[in-house]
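Here the structure comes first, spelled out in structure tokens, and everything after it is commentary.
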Amino acid sequence: MDLPSTASDTANAVLAARGQETQLRRVVDESRVPMVVVDNERRYLLVNWPALLTFRLSLAEMRGLRIDDLTPADSVDQMVAAWRRLMQTGRSTDPYPVATPDGGRFEIRFWGLANALPGQHVLAFAAPPFHDGKPTQAAELDPVPRSLLTPRELELLQLAADGLAGPGIAEELVLSPATVRTHFANIYEKLDVGDRAGAVAKGMRLGLIE
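Each residue of the sequence shown is one higher than the one before, counting from 4 in our numbering.
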């Protein structure tokens with residue numbers, strides 16, 4: 004399975020952003036391609052939305068794991084060899100099996116760039132859609148949001164999760180009620196939900212808010 008053309012575009016963007024933290028994180032965050040950033044211990048530092056949807060884990064759950072934790076027991080040697088190639092050559096493209104916490108398994112092909120930032124390594128990958136560890140039709144999965152929420156939109160969504168209604172959010176953020184309504188309309192569109200409760204639920208499931 005080859006990486007799709009969008010992944011090639013993302014790889015070029017990562018290379019162009021190498022060494023520039025703000026730009027690199029923006030590339031990872033905004034990519035439609037599943038991407039992660041890991042440290043020298045193979046711990047997940049940054050996981051974008053497509054990757055969270057692929058692994059079916061929240062951001063909080065991913066940040067508590069290492070690549071090793073999502074590697075099938077019979078493929079640890081393969082993972083270590085791929086990691087060694089990435090560290091030695093600076094770049095690597097390899098097939099790789101992934102194990103899910105519920106016992107599922109699926110195959111990916113990843114493209115990696117070592118030390119995109121000092122001690123931080125970017126991995127972009129292609130994988131079949133799955134549900135409960137089994138391949139499935141893409142339509143059965145939640146759609147990837149059309150764009151990322153802005154910091155302000157995340158603030159509003161978190162306040163809604165904390166129980167504040169529209170007027171309370173407007174007062175807290177010193178915004179007009181109309182502006183709050185506009186922000187929420189944008190949030191609903193980006194998360195592909197129909198109301199505030201749905202946005203809060205999906206935001207929590209994706210690990211965007213607490």
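C-beta: ideal position from N, C-alpha, C; glycine also.
Since this is a predicted model, take the numbers as computed values, not measurements.
Taking C-beta separations shorter than 7 Å and ignoring five residues to either side along the sequence, the partners of Ile111 in its chain run Tyr99, Val101, Phe128, Ala129, Ala130, following chain order. One Cα belongs to Glu44, the other to Thr185, and the distance between them is close to 43 Å. DSSP places Asp198 outside both helix and strand once states are collapsed to three, so it counts as coil. Counting C-beta pairs closer than 8 Å gives fewer than three between the stretch 55-65 and the stretch 86-96, which falls short of the contact rule. Spatial neighbours of Arg108 in its own chain (CB-CB distance under 8 Å, excluding positions within 5 residues in sequence) are listed in chain order as Pro75, Pro100, Val101, Ala102, Gly136. In this model, Leu178 and Ala117 are separated by some 43 Å (Cα to Cα). Less than 8 Å separates the beta-carbon of Ala164 from that of Ile212. Thr182 and Met90 have their C-alpha atoms some 48 Å from each other. In the three-state DSSP reduction, Ser34 falls in the coil class, being neither helix nor strand. The alpha-carbon separation between Tyr47 and Ala188 amounts to approximately 32 Å. Counting the other Cβ atoms within 10 Å of the Cβ of Glu192 gives fewer than 16, which makes it exposed. Under the three-state reduction of DSSP output, Leu178 falls in the coil class, being neither helix nor strand. When secondary structure is reduced to three states using DSSP, Gln23 falls in the coil class, being assigned neither helix nor strand. Under the DSSP assignment, Arg94 falls in the beta strand (DSSP E) whose first and last residues are 94-102. When the alpha-carbon of Leu209 is set against those of Leu126, Leu60, Val196, Leu162, the nearest one is in Leu60.
Val125 is a Cβ neighbour of Val31, given a cutoff of 8 Å. Spanning the alpha carbons of Asp71 and Met82 requires a straight line of approximately 8 Å.
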